[in-house]
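Below: one structure, written as structure tokens.
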Amino acid sequence: MNVLIFYTALFCYLLSALSYLVHLIYSKKPIERFGHYALLAAFFIHLVSVIFRYFQAGHTPITNMFESLSFFALCISGFFLYLKTTYKISSLGCIVLPFVSILLIWALVYPTDIKPLSPVLRSYWLPVHTTFSFLGNAIFFVSFLVSILYIIAEREIKKKKSFLFSARFPSLETLDSINYRCMSYGFPFLTVGIITGSIWAGFAWGSYWSWDPKETWSLITWIVYAILIHNRLAIGWRGRRTAYLMIAGFISILFTFLGVNFLIGGLHSYM
Amino acid sequence: MQIVVFGLNHNTAPVEIREKLFFAESQIPQLLNTLRDRGIEESAVLSTCNRTEIYFCTDHTDESLAAIKDILVSVFNIDNQALEKYTYTFKDESSYKHLFLVASGLDSMVVGEPQILGQVKDAYRMAVHNKTTGYLLNKLFHKTFNVAKRVRSETRIGYNPVSISSMAIELSKRIFGELQKKKVLVVGAGEMSEIALRHFKKEGLHEIFIVNRTFGNAKKLAEEVGGIPYPFENMSDLLAQVDMVLTSTGAEKHLIDAGLIVQVMKKRKNKTLFLVDIAVPRDIDPLVNNIENVYLYDIDDLKDLSQKHLSDRMKEAEKALEVVEGEVAKFSLWLQQSEKNPLIAFVIDKAEAIRLKEFKKISQKLKNADEETLRNIDALTRSIVSKLIHPHVALIKQDSDREISEIIKQLFTLEEKDEKDLDNRDEGQ
Chain A
1 MNVLIFYTAL FCYLLSALSY LVHLIYSKKP IERFGHYALL AAFFIHLVSV IFRYFQAGHT
61 PITNMFESLS FFALCISGFF LYLKTTYKIS SLGCIVLPFV SILLIWALVY PTDIKPLSPV
121 LRSYWLPVHT TFSFLGNAIF FVSFLVSILY IIAEREIKKK KSFLFSARFP SLETLDSINY
181 RCMSYGFPFL TVGIITGSIW AGFAWGSYWS WDPKETWSLI TWIVYAILIH NRLAIGWRGR
241 RTAYLMIAGF ISILFTFLGV NFLIGGLHSY M
Chain B
272 MQIVVFGLNH NTAPVEIREK LFFAESQIPQ LLNTLRDRGI EESAVLSTCN RTEIYFCTDH
332 TDESLAAIKD ILVSVFNIDN QALEKYTYTF KDESSYKHLF LVASGLDSMV VGEPQILGQV
392 KDAYRMAVHN KTTGYLLNKL FHKTFNVAKR VRSETRIGYN PVSISSMAIE LSKRIFGELQ
452 KKKVLVVGAG EMSEIALRHF KKEGLHEIFI VNRTFGNAKK LAEEVGGIPY PFENMSDLLA
512 QVDMVLTSTG AEKHLIDAGL IVQVMKKRKN KTLFLVDIAV PRDIDPLVNN IENVYLYDID
572 DLKDLSQKHL SDRMKEAEKA LEVVEGEVAK FSLWLQQSEK NPLIAFVIDK AEAIRLKEFK
632 KISQKLKNAD EETLRNIDAL TRSIVSKLIH PHVALIKQDS DREISEIIKQ LFTLEEKDEK
692 DLDNRDEGQ
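Those protein sequence lines, which keep their order, are chains A and B. When we follow my numbering, the leftmost residue of the first sequence carries the number 1, and every step to the right adds one. When we follow my numbering, the leftmost residue of the second sequence carries the number 272, and every step to the right adds one.
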């Protein structure tokens, strides 16, 4: 039943991604609107599937690869919907939504069955720590995509040769302002995620900080974003340079999330 | 009746002749009256800097053409041979095909330019005002507006700008998005500055600064078009404030060099600066483009871009031609039918006029309605009208002794008289 809801959400995401792609090529208003409603439907169905799983499992469903990827995708599409309320960024849909769809398909590679929760994770800190961390990471993922787009579009305008991207996607200023917003939401979430994690570690493992690879890498990530904020506010870094740092920051997140789980191991490798 | 167009355009006549055969807006009513006096039943005059054309409907084409040539010869003092040499005459299908092409911008010097549709609308409005349009021209022009709209929405013919200042605006939109709150500085007070200034105004920019070496000229331009004149010495202060700069002066050397912009960018805290230099020789050092968050386009960059956009438009023009040809075929069919049985055309036209009037009323009332709602209402009214009309048309077609036709005709003419009462009743409800 749960998997069926999940598939419905995936279907809606794909539908939405496809219509945004078609909209990008033919720029037809009704197709854009259809894409928007498909995204709304996908988000709510996906949300229902996560809530459903929460009640089925009796704990926050962010405890294995399937659940994590699915929740990560949910955060991304939710944040994208939020951004859509202030910016005219339908054209970004054809970049964000394929990624959301891929994340969900990727999630399906892993076993979807609910297993009993390992004793270490049985804590009220689980939902708090994971939700904040995932939200922060999802926001930075969006800013990662926006930054890549910014760098391509900026290059086009500077080189004056072709305008493939800059003519179709939001203006440089809009992209930069989205980046700024991602920074000002993502960073607090990430910070709270790390602090709550540390407190939880204090309860669960008896030490607030034990230089476990995941902890180390999330600290590195935090430092990268802190530098970014400092440079933006104090020195006035904006545009291209911010975009490069955003990309660096996200690569660090990627390493924290995947590299540590798959390559190094450590206290966090539950999944 | 035959639909005919007689005229000249930028392809057939050089600018000296076009200048000569130009009707100012104030002259057109008189011309329309003269044409009517000479027995031409319906006429409209389109006169722009690239074309002068007279569209008319008549039963005596040759006499009318002779009369028009007569009038032109006497008004403009041009000899008959020259007139023959530079003008063209299209009749029937090729005449309305020509109008469709003109209104869609396919016959323009800059393919796809949008102003021409407005000019065609003006030509029609003036003809309506002078009561020189009738059943045929009304139908033709409404159809034309329809075709032009279809061409705009179904092809990308007008998608990429080709004029220097509209390209500057398009580029700034790619950098800044919304322009209304942006500040712009115009350096120079010449003709190009004026054109650019008008374009910026049209885009809704209201903080426009003008500097010029001779302050008086900046002031004069500001008074004529709008903007805030500033002394030339304050230029670097302004550079730190504005988002966009357009330079077009006759200066021999660079007015703005890289060193100045580096300083300015520090003051601006790296806020993006977009510079357009359309002067020859250039006003801004090309090295400025290498500075972070600064974008500089000079006249050659814009010309290259314009060339590319123009060739894009040419590709789209082929698609547009298909649209036009389809519509020409439809219009021909409609003409044939209306000739065979004028009453059917009369009834359909009458009903359409009522529908349009009512539709206009409701769309004015529903100020907040979006495009889709209006489109739905439009479709709904169309389908109601066509269902109501259909039995009448069928009856007219079957009618051999013209008895029923006469009744239907009266029915629709009577309605004309009652319309006022109906309107009053509407208001009362």
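Glycine included, C-beta positions come from ideal geometry on N, C-alpha and C.
Alpha carbon to alpha carbon, how far is residue i from residue j?
| i | j | result |
| --- | --- | --- |
| A:F257 | A:A138 | 12 Å |
| B:S464 | B:W605 | 49 Å |
| B:N280 | B:L317 | 11 Å |
| B:I349 | B:L645 | 50 Å |
| A:M246 | B:K586 | 40 Å |
| A:F250 | A:F144 | 6 Å |
| B:N505 | B:G530 | 17 Å |
| B:H477 | B:V457 | 13 Å |
| B:P500 | B:V516 | 14 Å |
| A:V128 | A:Y225 | 21 Å |
| A:P170 | A:K84 | 12 Å |
| B:V618 | B:N647 | 24 Å |
| A:W237 | B:E474 | 29 Å |
| A:D212 | A:T63 | 18 Å |
For a cutoff of 9 Å on Cβ pairs, would you count residue i as touching chain A?
| i | result |
| --- | --- |
| B:G448 | yes |
| B:D363 | no |
| B:T652 | no |
| B:L442 | yes |
| B:N541 | yes |
| B:N560 | yes |
| B:D575 | yes |
| B:D572 | yes |
List, in order along the chain, the chain B residues whose C-beta lies closer than 8 Å to that of residue i?
| i | result |
| --- | --- |
| A:R181 | What A:R181 touches in chain B: nothing, since even the nearest Cβ is about 14 Å away. |
| A:P170 | G448 |
Starting from residue i, trace the alpha helix (DSSP H) both ways and give me its first and last residue.
| i | result |
| --- | --- |
| B:V513 | Segment: none, B:V513 is in no alpha helix (DSSP H) and carries neither H nor E. |
| A:F257 | Segment: none, A:F257 is in no alpha helix (DSSP H) and carries neither H nor E. |
| B:D649 | 642 to 669 |
| B:V391 | 386 to 400 |
| A:Y7 | 2 to 26 |
| B:L264 | In the structure as shown, chain B starts at 272 and stops at 700, and residue 264 of chain B therefore has no counterpart that could be examined. |
| A:F52 | 29 to 57 |
Are the beta-carbon atoms belonging to residue i and residue j less than 9 Å from one another?
| i | j | result |
| --- | --- | --- |
| A:F134 | A:S68 | yes |
| B:G278 | B:T332 | no |
| B:C320 | B:R289 | yes |
| A:A9 | A:H46 | yes |
| B:I527 | B:V551 | no |
| A:F165 | A:I152 | yes |
| A:L74 | A:F99 | no |
| B:T520 | B:D569 | no |
| A:F71 | A:G136 | no |
| B:L573 | B:V381 | no |
| B:N541 | A:G239 | yes |
| B:T403 | B:N304 | yes |
| A:F132 | A:G35 | no |
| B:I667 | B:N612 | yes |
| B:L567 | B:V535 | no |
| A:L254 | A:M183 | no |
The beta strand (DSSP E) with residue i in it runs from where to where?
| i | result |
| --- | --- |
| B:S314 | 313 to 318 |
| B:G278 | 273 to 280 |
| B:V482 | 478 to 482 |
| B:R322 | 322 to 329 |
| B:D548 | 544 to 548 |
| B:P422 | Note on residue identity: the sequence assigns Val, not Pro, to residue 422 of chain B. No beta strand (DSSP E) holds B:V422; the alpha helix (DSSP H) holding it covers 406 to 425. |
| B:L456 | 454 to 458 |
Does any residue of chain B have a CB that is nearer than 9 Å to the CB of residue i?
| i | result |
| --- | --- |
| A:W237 | yes |
| A:K84 | no |
Residue i touches chain A at which residues, Cβ-Cβ below 8 Å?
| i | result |
| --- | --- |
| B:E563 | G239, R240, R241 |
| B:Y568 | K160 |
| B:R445 | A153, I157, F163, S166, A167, S171, L172 |
Could you name the residues of chain A that residue i contacts, counting a contact when the two beta carbons are closer than 9 Å?
| i | result |
| --- | --- |
| B:D649 | In chain order: nothing, as chain A lies at least about 16 Å away. |
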